[in-house]
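Going down the list, the sequences are from chains A and B. The first sequence finishes on residue 474 if you use this note's numbering, and the numbering steps up by one all the way, no holes. The second sequence finishes on residue 447 if you use this note's numbering, and the numbering steps up by one all the way, no holes. C-beta atoms are modelled at their ideal positions from N, C-alpha and C, and glycine is treated no differently. I have placed the structure first, in the form of structure tokens, so that the comments after it can refer back to it.
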Amino acid sequence: MLAEPGDFAEWRSAARGLLAGGVAPENVSWRGAEDGASLFGDAGAAPPGGAVSLPRELLEIAERVICHRDPEVPARLYRIIWRAARDRQLLARTTDAEVDWLRKADKAIRRDVHKMHAFVRFRRLGEEGGRESFAAWFEPSHRILRLTAPFFQRRFYGMDWAILTPDARAIWREETLVYGPGGTKDEVPDSDVVEDQWRTYYGAIFNPARVKIDAMRAEMPKKYWKNLPEAQDIAPLLAGVGARVERMREAAVSMANPLTDKWRTRVPDELALDDDVKTLSDVARAVDRCTRCPLYCNATQGVAGEGPKDARIMLVGEQPGDQEDLQGRPFVGPAGQVLNEVLEEAGLDRARLFLTNAVKHFKFEPRGKRRLHQNPTTGEIDICRWWLDKERAFVQPDLIVTLGASALRGVTGKSASIKSMRGAVHELEGGGKLVATIHPSFLLRLPDRERAAEERAAFVADLIRARKLAA
Amino acid sequence: MSAKPILEKLAVLADAAKYDASCASSGTVKRDSVASKGIGSTEGMGICHSYAPDGRCISLLKILLTNFCIYDCRFCINRASSNVERARFSPQEVVRLTLDFYKRNYIEGLFLSSGIIRSEDYTMEQLVEVARILREEHRFGGYIHLKTIAGADPGLIALAGLYADRLSTNVELPTEAGLSSFAPEKKPETIRKTMASVRVGAEDAIEAAKSRLIGKATPPRFAPAGQSTQMIVGADASRDDDILKTATNLYSGYQLRRVYYSAYSPIPDASSDLPPVRPPLMREHRLYQADWLLRFYGFERAEIMEGASGGMLDLAIDPKLAWALMRREAFPVDINRAPRELLLRVPGLGTRAVDRIVAARRLGKLRLGDLAKLTASVKKLLPFIVALDWRPGMLTDSADLRARFAPPPEQLAFAL
Chain A
4 MLAEPGDFAE WRSAARGLLA GGVAPENVSW RGAEDGASLF GDAGAAPPGG
54 AVSLPRELLE IAERVICHRD PEVPARLYRI IWRAARDRQL LARTTDAEVD
104 WLRKADKAIR RDVHKMHAFV RFRRLGEEGG RESFAAWFEP SHRILRLTAP
154 FFQRRFYGMD WAILTPDARA IWREETLVYG PGGTKDEVPD SDVVEDQWRT
204 YYGAIFNPAR VKIDAMRAEM PKKYWKNLPE AQDIAPLLAG VGARVERMRE
254 AAVSMANPLT DKWRTRVPDE LALDDDVKTL SDVARAVDRC TRCPLYCNAT
304 QGVAGEGPKD ARIMLVGEQP GDQEDLQGRP FVGPAGQVLN EVLEEAGLDR
354 ARLFLTNAVK HFKFEPRGKR RLHQNPTTGE IDICRWWLDK ERAFVQPDLI
404 VTLGASALRG VTGKSASIKS MRGAVHELEG GGKLVATIHP SFLLRLPDRE
454 RAAEERAAFV ADLIRARKLA A
Chain B
32 MSAKPILEKL AVLADAAKYD ASCASSGTVK RDSVASKGIG STEGMGICHS
82 YAPDGRCISL LKILLTNFCI YDCRFCINRA SSNVERARFS PQEVVRLTLD
132 FYKRNYIEGL FLSSGIIRSE DYTMEQLVEV ARILREEHRF GGYIHLKTIA
182 GADPGLIALA GLYADRLSTN VELPTEAGLS SFAPEKKPET IRKTMASVRV
232 GAEDAIEAAK SRLIGKATPP RFAPAGQSTQ MIVGADASRD DDILKTATNL
282 YSGYQLRRVY YSAYSPIPDA SSDLPPVRPP LMREHRLYQA DWLLRFYGFE
332 RAEIMEGASG GMLDLAIDPK LAWALMRREA FPVDINRAPR ELLLRVPGLG
382 TRAVDRIVAA RRLGKLRLGD LAKLTASVKK LLPFIVALDW RPGMLTDSAD
432 LRARFAPPPE QLAFAL
């Protein structure tokens, strides 16, 4: 016989003894003190025996399920551990009827615990030495107070509180948690000053245009309503719904608030006109507003070039990538890291170069949590050339180094392979020289290490040539 | 107006906040009040402390700091030209309410938003100040969700991320055209930039944590519950396809935890160019289902749209079923042999049921009777699966399959 129904330690020691003694479930009869049974139960008969190993998960489940009010639970649990001691896989047999029962009972307990965490409502008792104290009355479906009290302890460490249920009470005072006997509702105050505010909030946050009573009752079953101060407002709120919605519909659209213009101090900015772009910093400001092609629709921002106005060398890449798009600066992502290393090897100071891209907005394809880079079309490159030309006009570099085919197209307006252009110095229409090389991201895509090392060396050589040309 | 009693302010500023669907309090770091000896904890799983008769969970104290606003977004009850009653809380009043509610176990924490007053930076500063007082002066360990004001200084966003569990910036309307005609002051690129600064802030915090010296204190986490956004459904002419396109862009670009879809519900004192109709709740529901398919079921947007017509999801049946009916050649799927990815595509099987099936079939071949214990409803699965004792035969290709699932038309109408 169990003296305290729902007490896990008691059941566990009884069950352990029985299991060690090899007592089969059909030979045990479990009775709780609640049943008014006599002092002697069969559980006491077995000797405290050797340890029987059971899966940890099963013990955790048993600790919860023992709180279930079904009087059959101690017996059913014993039958399951009896089987589990002989079948290590038992818990995984989800299609087994007893395991199915266990899972369902466990789910019911966990739900009850979750609802208790949610629906306990404290009322203030007072304050002593700056420490407030509160009490709550709650009626859980099962005997779960010991499963829930630690949660309240972790959450409300800095105040004193008591939770009373019909079966037991938990008291947190002077940083100690103690349990005691069950109580009654009248031991807890019947109101709290803040409840009016809470009920006002409850009424105001409810949207009368979308009533879904079943959804509410599925999650907040009626059995809990009697201890929820806000629940008394459900019926009046629902009764008022028709009138509130009707009023909303019937109210003719009123005149605008007379203060509108006073409040709306700022009229939305006008797009910068092309003619407004008079300096290099205008480019940076205006490129962000560019709608010449649809790439702006999905990108975070237009990324303009960066560097001194009197830079002798201009490096042109393809387009901003994921990081460039987020940070609004060119070459700050993985390819930018490679570029930084290679520039250093080639003896070029990044701070003295002007770095920009042929296309100013990031073009990508969303794939789950990532954005996959997509090459810009020649059309997009040609449209965006308007900006590159502006940057070239303001900086007037002696030498342009194009990184990759898109950059080459952006600078020359013609499509050509890097191979055909590489290794030579080209004269640009309208002055200045051009050196064509690869884009640093090309190195990141090469799986073969040897080949990558070769390509990297050639890239460095191109940049050294550029440095010498501009010197 | 400052003399307005707290109850009146609360009524106005909660009413004004209810059009924000998010009330999540989950997904943040584990925290408790044991070490701080203060108040408040977060344990990963959120808790819904109450439910309103609209079926929505009440987890957070969701209020505006003020509903005065210098913007004039047509779909918004708080737009400058609206005649709605106005109110403003002081940061101290919000702190007081949050703590009073929290100590009585009414809420998990605070979701604070605001109309734009004076400037984006000023407004953001006020929101950050509330979070700062709660965390620093009251050692509050509960959940804090702050609205980030699009266009506010990235430095303020960085500060907000140190106090808040979650940050959110609402895009409201999925298309550029919709936004420019309904919300003239809002610029999509400003919203995206603000989201980008949240992502950059989070990544910087991770970098800082990685590179810290051993023995040094852990640098503070940045908005550990991530960022989210909301789109209004049915206020403008955007199609479901536009909405999902924007959603996938945002998920991929800014690592959003959630996109919320909120059926436009008629507001008091509405602007004349908005539909005075019932909120399209079923459309909202279908969008959430599609969103789940994108995030947890391995679907691409284009696949989901195969089951749609004219860029709109089927309202009568769920999007996975709609897709499956267009792709019958992919079925039936053998419950006992198919890989997880294929099981996830079976209409009627959720992620949990799939996990249970995968675990259970290791111990023996599954029959329909076994499936009944592992899933909510076997009936829906029948045309699409093979089990040890079941083959659908011609059922998979039968012409009336859609009719078996689609509810009779009158059930579609939503009663108020």
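A buried status is given to PRO323 of chain A, since no fewer than 16 other beta-carbon atoms sit within 10 Å of its beta-carbon. Per the coordinates, the alpha-carbon of PRO261 of chain A lies some 25 Å from the alpha-carbon of LYS218 of chain B. Note on SER423 of chain A: under 16 other CB atoms within 10 angstroms of its CB, so exposed under the neighbour-count rule.
Considering only A:ALA234, A:ALA218, A:TRP228 and A:ASN210, the residue with the shortest C-alpha distance to GLY245 of chain A is A:ASN210.
Within chain A, no residue has its CB atom less than 7 Å from the CB of CYS104 of chain B, the nearest being about 11 Å off.
A straight-line Cα-Cα distance of about 10 Å links LEU405 of chain B and VAL389 of chain B.
For PHE141 of chain A, no CB of chain B lies under 8 Å from its own CB, so it is not counted at the interface with that chain.
For ASN360 of chain A, the secondary structure class from DSSP, reduced to helix, strand or coil, is strand. For GLU327 of chain A, no Cβ of chain B is located within less than 8 Å of the residue's own Cβ. The beta carbon of ILE147 of chain B sits closer than 7 Å to the beta carbons of CYS100, ILE101, TYR102, THR154 and ILE180 from its chain, once the five residues preceding and following it are set aside; these are given in chain order. Distances from the CA of ARG34 of chain A to each of A:LEU5, A:ALA17, A:PRO58 and A:VAL26 were compared; the closest alpha carbon is that of A:LEU5.
The beta carbon of TYR137 of chain B sits closer than 8 Å to some beta carbon of chain A. Of all residues in the stretch 312 to 327 of chain B, only LEU312 come within less than 7 Å of chain A when Cβ atoms are compared, listed by chain position. Contact note: CYS300 of chain A reaches chain B through GLU207, using a C-beta cutoff of 7 Å and chain order. It is roughly 15 Å from the alpha-carbon of LEU449 of chain A to the alpha-carbon of LEU342 of chain A. With a 10 Å radius around the Cβ and a threshold of 16 neighbouring Cβ atoms, ASN301 of chain A comes out buried. In the structure shown, the three-state DSSP call for TRP33 of chain A is coil.
Along the length of the stretch 435 to 461 of chain A, whole beta strand (DSSP E) runs at least 3 residues long occupy 436 to 440, reported in chain order. With fewer than 16 other beta carbons inside 10 angstroms of its own, VAL196 of chain A counts as exposed. Below 8 Å, too few C-beta pairs join the stretch 390 to 401 of chain A and the stretch 326 to 341 of chain A to call them touching: fewer than three. The C-alpha of TYR282 of chain B is placed about 13 Å away from the C-alpha of THR200 of chain B. For THR415 of chain A, no CB of chain B lies under 8 Å from its own CB, so it is not counted at the interface with that chain. GLY320 of chain A is bridged by DSSP to A:ASN360.
When the Cα atoms are used, VAL362 of chain A and ALA242 of chain A turn out to be separated by approximately 60 Å. Sixteen is the threshold: when 16 or more other Cβ atoms of the shown chains lie within 10 Å of the Cβ of LEU187 of chain B, as they do, the residue is buried. By alpha-carbon distance to THR381 of chain A, the top candidate from A:PHE367, A:GLU458, A:ARG374 and A:ARG412 is A:ARG412.
Using beta-carbon distances, LYS372 of chain A counts as an interface residue toward chain B, with a partner under 8 Å. Cβ contact annotation for ASP170 of chain A (same chain, cutoff 6 Å, sequence separation greater than five): ARG146 and GLY185, in chain order.
Under a criterion of Cβ atoms nearer than 9 Å, the residues of chain A adjacent to ALA42 of chain B are, in order, THR203, TYR204, GLY206 and ALA207. The three-state reading of DSSP puts LYS178 of chain B in strand, counting E and B together. For LEU281 of chain B, the enclosing alpha helix (DSSP H) starts and ends at 271 to 285.
Taking SER144 of chain A as the centre and dropping the five residues before and after it, the same chain places the C-beta of ASP115 closer than 6 Å to its C-beta, in chain order.
ARG163 of chain B and HIS117 of chain A have their C-alpha atoms roughly 30 Å apart.
Counting C-beta pairs closer than 8 Å gives three or more between the stretch 438 to 449 of chain A and the stretch 341 to 360 of chain A, which meets the contact rule. Sequence-distant Cβ neighbours of ARG230 of chain B in its own chain, meaning closer than 6 Å and more than five residues away, are TYR285 and GLN286.
A Cβ-Cβ contact shorter than 8 Å links LEU466 of chain A with VAL345 of chain A.
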